[in-house]
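According to the numbering used here, the sequence shown is numbered sequentially starting from 5.
Note that beta-carbon positions come from the ideal geometry of N, C-alpha and C, so glycine has one too.
In what follows, a structure is listed as structure tokens, so that the remarks can point back to it.
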Amino acid sequence: MRQAKARVLVLGGTSEARSLAARLAADRGFDATISLAGRTKAPLEQSLPVRIGGFGGVDGLTRYLVEERIDKVVDATHPFAARMSAHAAQACAAQGVPLICLSRAPWRRVDGDCWIEVENNAAAVAAIGARPRRIFLTTGRLGLADFKGAPQHFYLVRTIDAPATGDLPPCHELILARGPFTLELEIALMRQARIDLVVSKNSGGDSTYAKIAAARQLKIDVVMIAPPRRETMRIVHGVEETMAFLAGSPRI
Ligand code: NAP
5 MRQAKARVLV
15 LGGTSEARSL
25 AARLAADRGF
35 DATISLAGRT
45 KAPLEQSLPV
55 RIGGFGGVDG
65 LTRYLVEERI
75 DKVVDATHPF
85 AARMSAHAAQ
95 ACAAQGVPLI
105 CLSRAPWRRV
115 DGDCWIEVEN
125 NAAAVAAIGA
135 RPRRIFLTTG
145 RLGLADFKGA
155 PQHFYLVRTI
165 DAPATGDLPP
175 CHELILARGP
185 FTLELEIALM
195 RQARIDLVVS
205 KNSGGDSTYA
215 KIAAARQLKI
225 DVVMIAPPRR
235 ETMRIVHGVE
245 ETMAFLAGSP
255 RI
């Protein structure tokens with residue numbers, strides 16, 4: 005008798021989720037779907053069937069798990085997508101569905117880094133200080149409005165999709181671009197804009213690390229926002245570890 009394929013839900017929105025999707029698509033043992041929040045206008049292509057949009061909170065996700073008969077869930081959302089992760093932890097616990105978190109390790113400070121580590125955007129704004137500065141602001145489209153509270157600075161803002169104009173601080177220049185970025189280009193960009201401070205989330209991974217290496221090389225301070233704590237139990241950093249979890253017996 006042929007064994008039923010394990011039904012897997014991958015919560016995506018990251019390059020790790022995309023790599024896992026490609027790996028799952030090539031494995032006949034799984035019937036997997038990837039879920040995206042629908043934030044980016046032109047999401048990258050995925051190797052798995054995609055569903056787009058919020059589930060409707062914990063209740064909505066719980067319903068989805070039941071209706072779609074999901075056997076296992078991989079939370080491969082961005083390290084800063086704390087709400088989705090918390091919902092996944094709650095819905096999976098309620099239904100007894102095994103959950104694993106595939107997450108990149110945060111960046112670690114190395115020799116030459118001048119980091120000011122903070123907990124959130126509000127603390128980042130406070131850490132920038134009162135003296136007007138020229139800031140490379142790379143924290144993403146959401147939460148930009150927090151920096152309107154410090155209008156004395158110039159902000160070079162880089163996002164994937166255009167932010168709402170009302171969210172931008174008064175003195176800014178906007179660049180729309182999606183990583184990966186190279187060290188050479190980041191150095192050139194920061195030099196040209198006479199940047200003297202970088203504000204970044206500690207997102208981990210390779211694709212946006214060049215700005216951190218560039219800041220080190222140029223001896224520029226970085227206000228580094230720490231990722232929120234995850235409620236999730238089991239965290240792995242690699243696709244193969246995730247596959248091992250998925251290949252284990254159901255409900256482990
Ligand atoms: P969030 O604050 O944790 O989530 C807000 C709401 O968006 C969730 O409650 C959920 O809506 C919906 N949602 C989030 N991820 C989803 C997914 N993969 N599939 C379906 N619905 C999802 O998340 P966020 O920070 O807004 O990030 C949104 C997405 O962008 C995430 O998938 C994340 O991986 C990606 N991303 C985030 C960042 C970042 O810096 N935050 C950076 C790069 C990529 P319901 O409650 O209605 O289910």
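Excluding the 5 residues flanking I179 on each side, which residues of the same chain have their C-beta closer than 6 angstroms to its C-beta? R162
What is the rounded straight-line gap between the Cα of R238 and the Cα of C105? 6 angstroms
What is the rounded straight-line gap between the Cα of D225 and the Cα of G133? 12 angstroms
Anyone know if the C-beta pair for A219 and V202 falls short of 9 angstroms? yes
Start and end of the alpha helix (DSSP H) containing E49? From DSSP, E49 is part of no alpha helix (DSSP H); its letter is neither H nor E.
G252: CB within 8 angstroms of a non-hydrogen atom of the ligand NAP: no
What three-state label does DSSP hand D225 in the structure shown? strand
With respect to the alpha helix (DSSP H) encompassing C118, which residues constitute its N-terminal and C-terminal limits? Segment: none, C118 is in no alpha helix (DSSP H) and carries neither H nor E.
Since T81 contacts T18 with CB under 8 angstroms, what's their CB separation in whole angstroms? 7 angstroms
When we look at the beta-carbon of G208 and count the other beta-carbons within 10 Å, is it buried (16 or more) or exposed? buried
Measuring from the CB of T81, is there a heavy atom of the ligand NAP at a distance below 8 angstroms? yes
Using a threshold of 8 angstroms, is the CB atom of F151 nearer than that to any non-hydrogen atom of the ligand NAP? no
Given 8 angstroms as the limit, tell me if K76 has its C-beta closer than that to any heavy atom belonging to the ligand NAP. no
Taking the C-alpha atoms as reference points, what is the distance between L15 and E190? 30 angstroms
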